[in-house]
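Following: one structure in structure tokens, then a few remarks.
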């Protein structure tokens, strides 16, 4: 099975450690991961703001780039949702373009979904261990894909990890791409609620599987003076398996 990593814009620019972790975990499981250099943005910002022509161009570029692969994995729920759901609205059903995007959608998976539902990995058999107290932010786009329990199941497989659920854990963080720019007051109130929920858990680390959510919530925590670490699920799993190294991206 040929597996390609779809890194996404925010992960590539701000959280490259997540991309490294995805590759390390999957290679540890015996899979070779390829990274096609010609991949681009999925087109979500353009799609959300009415720039349909630009979104179509980017969506088709992704379809071309990933066509040779059997499976595409990404650590972003938001971008996975764009590829799996929204891109299919860019062209009419029955067109060649729609067929190409549908083929990409059918083989694209968010990281936890690939581990649990496709590869059917029982993480506990690998003896992961990490002494840390964590809470977890449920990204809205993950829920739209039906990904709800996979992350908690993976967290529960890590020996020594204490998981403390967030109050109102399915509440949006208020980012929503350009929503935070268009409606800053509402967005600010929503993320403030999220910060307070994080405080209440007493967790030292917040796990998030969407780079946009991570940027929004971590920034709000800093402004509120609440010191807490942020990690993606791939980072946490890679650390629990001893796969991260000195010199890896911060």
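Residue numbers (the numbering used here): 161 to 410. C-beta atoms are modelled at their ideal positions from N, C-alpha and C, and glycine is treated no differently.
- Same chain only: Cβ atoms within 8 Å of residue 338, ignoring 5 sequence neighbours per side: Here residue 338 is taken as the residue at index 178 of the chain shown, counted from 1. Hits under 8 Å: 205, 208, 209.
- Item | Inter-residue CB distance, residue 234 and residue 270 (contact presumed, cutoff 8 Å) | Reading the chain shown from its first residue, position 74 is the one you call residue 234. Reading the chain shown from its first residue, position 110 is the one you call residue 270. About 6 Å separates the two Cβ atoms, so the contact holds.
- Message: Suppose contacts are defined by Cβ-Cβ distances below 7 Å. Is residue 392 in contact with residue 178 by that definition?
- Response: The residue you call residue 392 lines up with position 232 of the chain shown. The residue you call residue 178 lines up with position 18 of the chain shown. In contact: residue 392 and residue 178 (Cβ atoms closer than 7 Å).
- Contact test: residue 305 Cβ vs the ligand NAD heavy atom, cutoff 6 Å: As far as ligands go, the structure on display features none, and thus does not contain the ligand NAD.
- Query: Closest by CA to residue 336, which one among 329, 288, 406, 346?
  - Reply: As a working mapping, residue 336 is identified with position 176 in the chain shown. Nearest C-alpha to residue 336: 346.
- Message: Using only CA atoms, which one of 381, 245, 311 lies nearest to residue 367?
- Response: Position 207 of the chain shown, counted from the first residue, corresponds to residue 367. For residue 367, the nearest C-alpha among the options comes from 311.
- Within 7 Å (strictly less), CB to CB, does residue 325 reach chain B? No chain B appears in the structure shown, which is made up of a single protein chain.
- Task: Report the rounded CA-to-CA distance for residue 268 versus residue 388, giving the unit in angstroms.
- Result: Your numbering for residue 268 matches position 108 in the chain shown. Your numbering for residue 388 matches position 228 in the chain shown. For residue 268 and residue 388, the distance between alpha carbons rounds to 32 Å.
- What whole-angstrom Cβ distance do residue 380 and residue 341 have, given they're in contact under 8 Å? In the chain shown, residue 380 corresponds to position 220, counting from 1. In the chain shown, residue 341 corresponds to position 181, counting from 1. Their Cβ separation, rounded to whole angstroms, is 15 Å, which puts residue 380 and residue 341 out of contact at 8 Å.
- Got a sec? Which residues, its chain only, sit under 6 Å from residue 216 by beta carbon, not counting five neighbours each side? Translated into positions along the chain shown, residue 216 becomes position 56. So the list reads 250, once near-sequence residues are dropped.
- Task: Name the one or two DSSP bridge partners that residue 368 has.
- Result: If you number the chain shown from 1, residue 368 lands on position 208. 297, per the DSSP bridge assignment.
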